[in-house]
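Everything below concerns the one structure shown next.
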């Protein structure tokens with residue numbers, strides 16, 4: 088299980104003497120909020136000083152009407168099947184700092200800010216915070232590095 092399965096044992100077995108970087112691209116938004124929070128807090132406790140980078144969606148896409156639009160897109164248009172939806176999201180990048188004093192926001196990357204030509208006219212949406220942070224990538228440190 089992704090939320091703390093076999094991978095945890097392998098990582099702990101390595102001795103924890105090196106810093107860890109955890110990447111969770113296209114993962115957390117499909118999980119329920121409580122297990123995501125538990126996982127991140129457990130990672131902070133077990134891998135103090137590790138960094139976590141993950142792709143997130145705005146929390147508004149996990150609620151009511153917006154969630155129905157996401158479900159239509161994922162289930163009907165992309166054919167991902169029943170139950171495919173966004174469940175976990177955040178409202179702003181620093182939100183996780185409120186989960187524990189040891190979690191530190193380090194940065195973010197927003198797709199619309201890229202000079203990639205393929206983005207084209209859609210880049211115009213970066214001027215509107217509601218659209219700019221529909222889906223973006225965040226970077227955190229999970230506690231202080233051990234001395």
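Residue numbers (the numbering used here): 88 to 234.
The beta-carbon is built from N, C-alpha and C at its ideal position, and this holds for glycine as well.
Computed from a predicted model, the values in this text were never measured in an experiment.
Does DSSP put residue i in a helix, a strand or coil?
i: residue 88; result: Note on residue 88: pLDDT 48, under 50, position unreliable in the model; the coordinate value appears next. Coil.
i: residue 196; result: strand
i: residue 191; result: strand
i: residue 222; result: strand
i: residue 171; result: coil
Which residues share a DSSP beta bridge with residue i?
i: residue 137; result: 229
i: residue 109; result: 139
i: residue 185; result: According to DSSP, which records beta bridges pairwise, residue 185 is partnered with nothing at all.
i: residue 144; result: 222
i: residue 127; result: Note: residue 127 sits in no beta bridge, so no partner.
i: residue 209; result: DSSP lists no partner for residue 209.
Excluding the 5 residues preceding and the 5 following residue i in the sequence, name in chain order all residues of the same chain whose CB lies nearer than 6 angstroms to its CB.
i: residue 110; result: 140
i: residue 178; result: 146
i: residue 144; result: 116, 173, 176 and 222
i: residue 120; result: 175
i: residue 108; result: 138
i: residue 224; result: 142 and 196
Going by beta carbon distance, what residues of the same chain come within less than 8 angstroms of residue i, once the five residues before and after it are set aside?
i: residue 113; result: 142
i: residue 106; result: 136, 137, 138 and 232
i: residue 193; result: 138, 226, 227 and 228
Below 7 angstroms CB to CB, which residues in the same chain sit around residue i once its five sequence neighbours on both sides are set aside?
i: residue 161; result: 167, 171 and 172
i: residue 210; result: 199
i: residue 230; result: 131, 135, 136 and 189
i: residue 218; result: 212
i: residue 157; result: 148, 172 and 173
Stretch pair the region 179-187 + the region 121-129: three plus CB contacts closer than 8 angstroms: yes
Please determine if the region 149-163 and the region 203-216 are in contact, where contact requires at least 3 C-beta pairs separated by less than 8 angstroms. No, they do not touch.
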